[in-house]
Every structure is written in structure tokens, then in C-alpha cells.
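Here the numbering used here is used: the first residue of the sequence shown is 5, the next is one more, and so on.
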Amino acid sequence: MTTDLPTSGLAGLRGLRTAPSLDAETGALLRQELSTRLGACAWFTIGIMAPSAVAALTALRQLEAVQGWSALQQGDPGEGQPGPVFLKGNQRTGLLHLRHEEGLGEGILITGHDASDPAAEDTWGPLPLDLFA
């Protein structure tokens, strides 16, 4: 099942509690728009709300592979925790942290950082966990 975005593009995701299901064409358009926005930033923080640590790590590794980013290293042993998690990754530190957290939606949040161009900085998402699969 697919869900239409409330408005077009990345702006349509703002304020959603959980990522919508997207058809292939809409997903491709979002990835293209996101790629342009990411290209204007120097580094990123990533937040992933997922039903399990495995789902969060899978989404992160797919994102890293598609973007050509170095793999973040786990800073704490949160992977064995059952149930929903929040993964926070920081390219500046090279670390990711997982914590068990109930009541979250589902999706990927990416924040772009660039001290030399603050206008390029923003947060995008929630993006579907499978957007980069």
C-alpha cells in the first residue's frame, strides 16, 4: 500500500510522526531531491526510529552505502535490546547509539550541517526505512 504525501517533495514529510509508504516513482523523486540537498552540506546526523535494532541498523547501512558514507561505529551495546529503538548517528564523531524507546513513529531523519553555509542546513524526514534499499 502507498500513501500520498500531504504536499509534494521533502517538505511534505515535515511534521509527520511516521514515514509514509511510497510507491517506487515517489521514492525515486524524494531520493533525487534529497541528494541535491545533502550535496550542499558538509556532514550529517541521522536519527532512525524503527521497530527493532536490526531494522534500524539495516536502514542506516543502506543509507551509508547509497550515499558513499563511511560506516558509523556503535558507541554502546544497544543492539541486543528487544522492541522499538531510536538510533542516533553522528558523522562528526563517527559513532552511533541505540536506545530502546516505545511510542515512536517509524522512519529516518537526516540533519545536514555546514557551518560555512547555514542556509543549507535542515532536517529531512521522516523518510521510509526502505527508501535506500
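Glycine residues also receive a C-beta, built at the ideal position from the N, C-alpha and C atoms. All of these numbers come straight from a predicted model, not from anything done at the bench.
From residue 36 to residue 60, what does the alpha carbon distance come to, in whole angstroms? Residue numbering aside, residue 36 sits at position 32 when the sequence shown is read from its first letter. Residue numbering aside, residue 60 sits at position 56 when the sequence shown is read from its first letter. If I take the Cα positions, the gap works out to 22 Å.
Tell me the residue span of the beta strand (DSSP E) that contains residue 93. The residue labelled residue 93 in the question sits at position 89 within the sequence shown. Secondary structure note for residue 93: its beta strand (DSSP E) is the uninterrupted segment 89-94.
Grouping DSSP H, G and I as helix and E and B as strand, with all else coil, what is residue 122? In the sequence shown, residue 122 corresponds to position 118, counting from 1. Of the three classes helix, strand and coil, the one that applies to residue 122 here is helix, per DSSP.
If you drop the 5 nearest sequence neighbours on each side, which residues of the same chain put their C-beta closer than 6 Å to that of residue 78? To locate residue 78, count along the sequence shown from 1; it is residue 74. Excluding sequence neighbours, residue 78 sits near 100.
Counting only the same chain and skipping the five closest in sequence on each side, list residues whose C-beta sits under 6 Å from that of residue 49. Numbered from 1 along the sequence shown, position 45 holds the residue referred to as residue 49. When the five nearest sequence neighbours on each side are left out, the beta carbons in the same chain lying within less than 6 Å of the beta carbon of residue 49 are those of 94, 115, in order along the chain.
Classify residue 23 as buried or exposed, calling it buried when 16 or more other Cβ atoms lie within 10 Å of its own Cβ. By 1-based counting over the sequence shown, the position of residue 23 is 19. Of the other Cβ atoms in all chains shown, 16 or more fall within 10 Å of the Cβ of residue 23; this residue is therefore buried.
Measuring straight from C-alpha to C-alpha, what distance separates residue 127 and residue 28? The count along the sequence shown starts at 1 and reaches residue 127 at position 123. The count along the sequence shown starts at 1 and reaches residue 28 at position 24. Approximately 23 Å between the Cα atoms of the pair.
Measuring alpha carbon to alpha carbon, tell me which of 109, 43, 34, 87 ends up nearest residue 123. Counted from its first residue, the sequence shown places residue 123 at position 119. The shortest Cα separation from residue 123 among 109, 43, 34, 87 belongs to 43.
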